[in-house]
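Engineer: Submitted below is the structure of interest, expressed as structure tokens.
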Amino acid sequence: MGDFDDLIAANKGFAEHFELGGFDGVAHAGVAVVTCMDSRIDPLRMLGLVPGDAKIFRNPGGRVSEQAMEALVLGVHILGVERILIVPHTRCAMASNTERELQVQVEKSSGQDVSWHRFHVIADQIASLQEDVKRVQTHPLIPESVKVGGFMYYVDTGLIEQKF
Ligand SMILES: [Zn+2]
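See the structure below:
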């Protein structure tokens, strides 16, 4: 008890001005975003969107993992998604460390052997982005009418740039 008090208190303030009650779960702007868990990224605001507009799937690196693909298929067929943006970012820890370097950092923190745990680092962000865009575009359950774009997000300017 108490470990989350500050956040629970902040939530009460949030709920006082809450206007999304009874709102459906459809992506009202028809947008889905796959991006990194990085705390510098604000996926809605960076695209001029607001809560209710988009489906957001995040993981370390912003890769189109199996789980991301599950989310995108559901988004397209059930939740109104018509455009998909895949958005890795500059200065991403997943792309600037080797698998071993991340393991060493976690070993230092945990005091345990981490050699058995994979973090799926990204050797070449642009090549991986291209692969991910293709993976979504060619998925049998993603219709051709759905637009898929691969973008880089620049954490020091806030700009996105379309690569694919
Ligand atoms: Zn990242």
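Residue numbers (the numbering used here): -10 to 153. We put the CB at the ideal spot given by N, CA and C, even for glycine.
Can the beta-carbon of residue 49 be found closer than 8 Å to that of residue 25?
Structural biologist: As a position in the sequence shown, residue 49 is number 60, starting the count at 1. As a position in the sequence shown, residue 25 is number 36, starting the count at 1. For residue 49 and residue 25, yes; Cβs fall inside 8 Å.
Engineer: Just to confirm my understanding: we take residue 107, look at its own chain, exclude 5 residues before and 5 after, and list those with CB closer than 7 Å. What are they?
Structural biologist: One-based indexing of the sequence shown puts residue 107 at position 118. Cβ neighbours of residue 107 beyond the five flanking positions: 88.
Engineer: Under the criterion of a Cβ to heavy atom distance below 7 Å, does residue 49 qualify as lining ligand 1?
Structural biologist: Position 60 of the sequence shown, counting from 1, holds the residue named residue 49. Yes - ligand 1 has a heavy atom lying nearer than 7 Å to the Cβ of residue 49.
Engineer: When you compare the CB positions of residue 144 and residue 80, do they come within less than 8 Å of one another, or not?
Structural biologist: On the sequence shown, position 155 is the one that residue 144 refers to. On the sequence shown, position 91 is the one that residue 80 refers to. The answer is yes: Cβ separation under 8 Å.
Engineer: What I want to know is whether the C-beta of residue 83 ends up closer than 7 Å to one or more non-hydrogen atoms of ligand 1.
Structural biologist: Start at 1 with the first residue of the sequence shown, and residue 83 comes out as number 94. Flag set: Cβ of residue 83 near ligand 1.
Engineer: Mapping DSSP to helix, strand and coil, what is residue 141?
Structural biologist: Counted from its first residue, the sequence shown places residue 141 at position 152. Of the three classes helix, strand and coil, the one that applies to residue 141 here is strand, per DSSP.
Engineer: Suppose you measure from the CA of residue 4 to the CA of residue -5; what does that come to, to the nearest Å?
Structural biologist: Here residue 4 corresponds to residue number 15 of the sequence shown, with the count starting at 1. Here residue -5 corresponds to residue number 6 of the sequence shown, with the count starting at 1. The straight-line gap from Cα to Cα measures roughly 14 Å.
Engineer: To the nearest angstrom, how far is the alpha carbon of residue 35 from that of residue 149?
Structural biologist: On the sequence shown, position 46 is the one that residue 35 refers to. On the sequence shown, position 160 is the one that residue 149 refers to. Answer to the nearest angstrom: the Cα atoms are 8 Å apart.
Engineer: Which residue or residues does DSSP assign as beta-bridge partners of residue 116?
Structural biologist: Indexing the sequence shown from 1 puts residue 116 at position 127. Per DSSP, none; premise fails for residue 116.
Engineer: Please say whether residue 33 and residue 140 have beta carbons closer to each other than 8 Å?
Structural biologist: Mapped onto the sequence shown, residue 140 falls at position 151. Mapped onto the sequence shown, residue 33 falls at position 44. No.
Engineer: Taking the straight line between their C-alpha atoms, what separation do you get for residue 54 and residue 128?
Structural biologist: For the purposes of this step, residue 54 is identified with residue 65 of the sequence shown, where counting begins at 1. For the purposes of this step, residue 128 is identified with residue 139 of the sequence shown, where counting begins at 1. C-alpha separation (whole angstroms): 13 Å.
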